[in-house]
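See structure below.
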Amino acid sequence: MSEQSLARPPYDVVIIGGGPAGLTAGMYASRASLRTLAIAGASTVSQVTATDLIENYPGIPEGINGFDLAERFKAQALQFGLETADGDVTGLTRQSWGDLAGWEVAAGQQRYGALSVIIATGANWRRLGVAGEERFIGKGVSFCATCDGPFYRDREVAVVGGGDTAIQEAIYLTRFAKKVTVVHRRDRLRATAILQKRALENPKIAFAWNSVVDAIDGLDLLQWVRLKDVTTGAARQLNVDGVFIFVGLTPNTAAFQGLIALDNAGYVTVDANMQTSLPGVFACGDCTAKRFRQVVTACGDGATAAFSAQLYCEEMKGEAY
Ligand SMILES: Cc1cc2nc3c(=O)[nH]c(=O)nc-3n(C[C@H](O)[C@H](O)[C@H](O)COP(=O)(O)OP(=O)(O)OC[C@H]3O[C@@H](n4cnc5c(N)ncnc54)[C@H](O)[C@@H]3O)c2cc1C
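Here this note's numbering is used: the first residue of the sequence shown is 18, the next is one more, and so on.
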């Protein structure tokens, strides 16, 4: 029987993404008795699995490994009946089942029909693409000062980047590190004036101007980065225990370009209820346009998106009060 001949789509909610945002949405939606499927990427993983220790998630004062936290989110959602699948979603198309309109979600050869969709595809920290970078992620290479800064108490670290995020995070890292070297490819910062002033006046911050990191190395843990002067080509070694890379984030939203409203950087624009520009399509977590990207904010967004999807489905099915 084709989906078109069904009176209702197979799912009330299809969630795209299996990270904290998607799994929290999955828990709320399935607990609200909505038939819910969460599709986790086949060729990507949740960012949370990249970190050894999460110590800022409320209720777990002893801290938890990121992978273990993701597994706990999943177990909790599954106990309320969440269904799961793996696959890289490549697009959405409008679909109807009798009087009901919804969406068909394409993932590889699979097609999933749903009244509502929640996009929770996260973002990826933009990489430098230099030797050693991937190998030392979690062992000295970090993309998150809030997360990993406290591990570098009285150590020396480098920060790569010259924009607001890089400078704000460099200043934050001086709470822990004894020295922070900002490596920037230009001879002046791009960050706003107030941040520049604070960084330039901070005695713990040094600058490697006109420089890029072109290699990262060490034994088991990161020990040094190689800096290349972009004006002279000269190379030098900078001994550090950590390197924080802030050269931008790339949202995982390519599948929705041209279909849904995105901001200039490619993040999905949502209102306070996580509603996107399309009917019945909600978004949550790191793929949305917002200021603070953390596990706890992703979970909060996921709960809100699920509740909005619930209200939408009830309205569509004529079950609303
Ligand atoms: C190294 C590191 C350390 C961090 N440490 C901390 C910390 O200590 N504390 C903290 O609060 N935050 C930390 N963060 C940030 C935190 O991991 C993110 O804010 C959080 O994971 C965002 O959740 P999310 O569900 O929105 O996205 P993600 O966790 O990135 O999950 C996205 C999901 O979408 C899937 N996906 C992507 N594209 C597709 C597609 N086309 N089709 C189907 N599925 C798709 C992926 O496979 C994944 O399952 C850290 C991040 C990094 C990288």
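The beta carbon of each residue, even a glycine, is placed where N, CA and C say it ideally should be.
Exercise. Return the Cβ separation of Gly108 and Ala272 in integer angstroms, given the expectation that the two are a contact with Cβ distance under 8 Å.
Key: With a contact defined as Cβ atoms closer than 8 Å, Gly108 and Ala272 qualify at about 5 Å.
Exercise. State the Cα-Cα distance for the pair Leu244 and Arg202, rounded to the nearest angstrom.
Key: Leu244 and Arg202 have their C-alpha atoms roughly 10 Å apart.
Self-check item: Coarse secondary structure for Ala208, derived from DSSP in three states
Solution: Look at Ala208 here: in three-state DSSP terms it is coil, with no helix or strand label.
Quiz item: Taking all protein chains shown into account, do 16 or more other C-beta atoms lie within 10 angstroms of the C-beta of Ser113, making it buried, or fewer, making it exposed?
Solution: A residue is called buried when at least 16 other Cβ atoms come within 10 angstroms of its Cβ; Ser113 does not meet this threshold and is exposed.
Exercise. Scan the segment 73-104 and note each continuous beta strand (DSSP E) run of 3 residues or more that stays entirely inside, going in chain order.
Key: If you keep only unbroken beta strand (DSSP E) runs of at least 3 residues inside the segment 73-104, you get 100-103.
Quiz item: Under 7 Å from any heavy atom of ligand 1, does the C-beta of Val65 make it?
Solution: Yes, since a heavy atom of ligand 1 falls inside the 7 Å radius drawn around the Cβ of Val65.
Quiz prompt | Backbone secondary structure at Gln327 - three-state DSSP | solution = The DSSP-derived three-state label of Gln327 is helix.
Exercise. Indicate whether Ser47 and Gly98 have their beta-carbon atoms separated by less than 8 Å.
Key: With respect to Gly98, Ser47 sits close: the two C-beta atoms are nearer than 8 Å.
Practice problem: Spell out a yes or no on whether the segment 165-176 and the segment 140-150 are touching, meaning 3 or more CB-CB pairs, one atom from each, closer than 8 Å. | Solution: The segment 165-176, when compared against the segment 140-150, does not touch it at the 8 Å Cβ threshold.
Quiz prompt | Segments assigned beta strand (DSSP E), at least 3 residues, entirely inside the segment 211-272 | solution = Every beta strand (DSSP E) stretch that sits fully inside the segment 211-272 and reaches 3 residues is listed by chain position as 222-225, 228-235, 239-246, 252-256, 259-262 and 266-268.
Quiz item: Can Arg172 and Gly119 be called in contact, C-beta distance under 8 Å?
Solution: In this structure, Gly119 does not lie closer than 8 Å to Arg172 by Cβ.
Quiz prompt | Coil, strand or helix - Val177 by DSSP | solution = Secondary structure at Val177: strand, using DSSP grouped into helix, strand and coil.
Practice problem: Report yes if the C-beta of Gly35 is less than 7 Å from at least one heavy atom of ligand 1; otherwise report no. | Solution: Taking the Cβ of Gly35 as the reference point, at least one heavy atom of ligand 1 falls within a distance shorter than 7 Å.
Quiz item: Whose C-alpha, out of Ala306, Val264 and Ser294, is nearest the C-alpha of Gly283?
Solution: For the residues Ala306, Val264 and Ser294, the minimum Cα distance to Gly283 belongs to Ala306.
Quiz item: The beta strand (DSSP E) with Arg128 in it runs from where to where?
Solution: Element bounds for Arg128: Gln127 to Ile136.
Exercise. Tell whether a beta-carbon distance below 8 Å holds between Cys316 and Pro78.
Key: For Cys316 and Pro78, no; Cβs fall outside 8 Å.
Quiz item: Of the choices Tyr28, Thr41 and Pro26, whose alpha-carbon is the least far from that of Ala322?
Solution: For Ala322, the closest alpha carbon among the candidates Tyr28, Thr41 and Pro26 is that of Thr41.
Quiz item: If we ignore side chains and look at the alpha-carbon of each, how far apart do Val229 and Thr198 end up?
Solution: Each residue's alpha carbon lies about 12 Å from the other.
Quiz item: Should Cys164 be counted as a contact of ligand 1 given a C-beta to heavy atom distance under 7 Å?
Solution: Relative to ligand 1, the beta carbon of Cys164 is positioned inside 7 Å of a heavy atom.
Exercise. In the DSSP assignment, find the alpha helix (DSSP H) that holds Asp165 and state where it starts and stops.
Key: Ala162 to Asp165 is the span of the alpha helix (DSSP H), which, as asked, contains Asp165.
Quiz item: Tell me which same chain residues have a C-beta within less than 6 Å of the C-beta of Phe193, skipping the five on either side of it?
Solution: Closer than 6 Å at Cβ, skipping near neighbours: Gly166, Pro167, Tyr169 and Arg170.
Quiz item: Whose C-alpha, out of Asp231, Lys195, Leu236 and Ala187, is nearest the C-alpha of Leu217?
Solution: The option with the nearest alpha carbon to Leu217 is Ala187.
Quiz item: What span of residues does the alpha helix (DSSP H) with Ser113 cover, start to end?
Solution: Run containing Ser113: none in the alpha helix (DSSP H); it sits in the beta strand (DSSP E), Val106 to Trp114.
Exercise. Tell me whether Trp241 counts as near ligand 1, meaning its Cβ is closer than 7 Å to at least one heavy atom of that ligand.
Key: For Trp241, the CB stays at least 7 Å from every heavy atom of ligand 1.
Quiz prompt | Beta-carbon separation (whole angstroms), Leu54 vs Tyr129, contact threshold 8 Å | solution = Right, the Cβ-Cβ distance comes to about 6 Å (below 8 Å), so this counts as a contact.
Quiz item: Taking all protein chains shown into account, do 16 or more other C-beta atoms lie within 10 angstroms of the C-beta of Phe224, making it buried, or fewer, making it exposed?
Solution: Buried: at least 16 other Cβ atoms inside 10 Å.
Quiz prompt | DSSP three-state assignment for Ala168, whether helix, strand or coil | solution = A quick correction: the sequence has Phe, not Ala, at residue 168. In the structure shown, Phe168 sits in a helix (DSSP, three-state: H, G or I).
Quiz prompt | From Leu190, Ala94 and Phe309, residue whose alpha carbon lies closest to that of Ile262 | solution = The option with the nearest alpha carbon to Ile262 is Leu190.
Quiz item: Is DSSP giving Ala42 helix, strand or coil here?
Solution: Of the three classes helix, strand and coil, the one that applies to Ala42 here is helix, per DSSP.
Quiz item: Got a sec: does ligand 1 put a non-hydrogen atom nearer than 7 Å to the Cβ of Thr138?
Solution: Yes, the beta carbon of Thr138 sits closer than 7 Å to at least one heavy atom of ligand 1.
Quiz item: Roughly how many whole angstroms lie between the Cα atoms of Ala57 and Ala102?
Solution: Per the coordinates, the alpha-carbon of Ala57 lies some 6 Å from the alpha-carbon of Ala102.
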